[in-house]
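S.K.: Our numbering puts the first residue of the sequence shown at 27, with every later residue one more than the last.
First the structure, which I've put down as structure tokens, then a few questions once you've had a look.
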Amino acid sequence: NTLLSIKIIEIESGEIHKNLKTCVSVWNSITDFGGDRKSLLITLGGGVITDLGGFVASCFKRGIDFINIPTTLLSMVDASVGGKTGVDLGVLKNQIGLFANPQMVIIDDVYLDTLAARELTSGMAEIIKHGLIYDTKLFNQVKEFKKQYINNLIYRSIEIKNEVVLQDPKEKSLRKILNYGHTLGHAIESFYLESDEKENLTHGEAISIGMICESYISNKLLNFSTNKVTEIKETILSIFPKITLQESDFLAILDLLKHDKKNLSGNVNFVLLYDFEDYKIDCKVSQELIIESLIYYNS
């Protein structure tokens with residue numbers, strides 16, 4: 027009887043559909059299906075689906091249960107765990123959302139076989155980030171990455187995120203370290219999303235640029251090792267394609283930084299590194315140094 031009552035709702039793929047308009051469409055569908063407070067929403071898809079689906083479930087009738095089944099590497103190691111749900115506001119990433127945990131997250135690596143190489147690569151950015159901020163051994167394993175060992179990387183990456191989130195569920199302090207690479211990365215991702223002339227970047231491609239830039243800023247402000255900045259850049263560019271950022275676009279990227287959801291009192295806040303596994307949160311960075319870091323990425 028339970029199986030007979032399952033209804034399927036499909037939405038268009040892509041970040042461009044991660045918005046309130048899609049939420050309204052899903053809420054209407056759930057209502058048309060006779061959904062009530064005991065309904066269960068199961069999300070099956072990548073980060074857009076798990077972020078949006080969790081938000082939809084958490085708002086419908088003031089909250090129904092949901093389960094995440096992530097199908098991309100990125101959503102397995104990041105979006106489907108941690109309790110963040112939400113949607114974009116225009117091209118501004120994750121501006122509308124709330125904290126809500128799924129009843130369960132089901133991860134099966136069989137879905138990775140369905141991914142194009144670019145999508146598989148995208149998820150590596152979050153694994154690299156977890157290694158840099160929390161576990162240097164994981165970062166070193168990424169450098170020697172072989173696909174048959176992907177389960178080990180997924181498991182350790184989820185462990186790290188879970189350890190951090192359990193200590194700071196609402197991102198008041200420690201959890202902010204998970205934003206390493208994301209301050210500039212989100213601005214770059216949003217810039218490409220709103221451009222009619224440029225192909226959209228994957229989340230991982232944008233965050234990989236952000237990590238390189240923010241390692242450079244760390245060197246200038248916190249004396250993070252120059253050799254380690256180079257190591258990060260070389261490792262990332264051995265996995266991700268080099269994107270040429272136009273200097274004429276830098277001011278537009280800086281403008282998007284003003285809308286970052288982590289900003290406080292008008293200040294853009296960065297997570298920077300003293301060293302691997304050693305960091306400082308809520309760092310203020312001048313526009314001149316941000317531009318300098320973008321030029322460094324291009325070099």
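Each residue gets a CB set at the ideal place from its N, CA and C atoms; glycine is no exception.
Because the structure is a prediction, the values reported are computed rather than measured.
What residue ranges within the segment 244-276 form continuous alpha helix (DSSP H) runs of no fewer than 4 residues, ordered along the chain?
M.R.: Complete alpha helix (DSSP H) runs here, min 4: 252-263.
S.K.: Cutting at 7 Å between CB atoms, please list the residues of its own chain near L118, excluding the five before and the five after it.
M.R.: Correct list, in chain order: S216 and H285.
S.K.: Considering just the uninterrupted stretch of the alpha helix (DSSP H) at L192, what are its terminal residues?
M.R.: Looking at the DSSP string, the run of the alpha helix (DSSP H) that includes L192 is I176 to Q193.
S.K.: Within the same chain, show all residues whose beta-carbon is closer than 7 Å to that of G108, passing over the 5 residues directly before and after it, in chain order.
M.R.: Result list for G108: K187 and V191, in chain order.
S.K.: Inspect the CB distances between the segment 227-239 and the segment 150-161 and report whether three or more fall short of 8 Å.
M.R.: The segment 227-239 is in contact with the segment 150-161.
S.K.: Roughly how many angstroms lie between the CA atoms of S39 and P96, to the nearest whole one?
M.R.: Near 14 Å, if we compare the C-alpha coordinates of P96 and S39.
S.K.: Cβ atoms of K87 and D62: under 8 Å apart, would you say?
M.R.: Cβ atoms of D62 and K87: closer than 8 Å.
S.K.: Leaving out five residues before and five after K259 in sequence, what residues of the same chain have Cβ atoms less than 6 Å from its Cβ?
M.R.: Once the five neighbours on either side are set aside, the close Cβ partners of K259 are I238.
S.K.: Distance check for D194 and Y322, CA to CA, integer angstroms please.
M.R.: Distance between the alpha carbons of Y322 and D194: 33 Å.
S.K.: Got a sec, what are the start and stop residues for the beta strand (DSSP E) T111 sits in?
M.R.: Looking at the DSSP string, the run of the beta strand (DSSP E) that includes T111 is K110 to L115.
S.K.: What's the C-alpha gap between K169 and F59?
M.R.: If I take the Cα positions, the gap works out to 48 Å.
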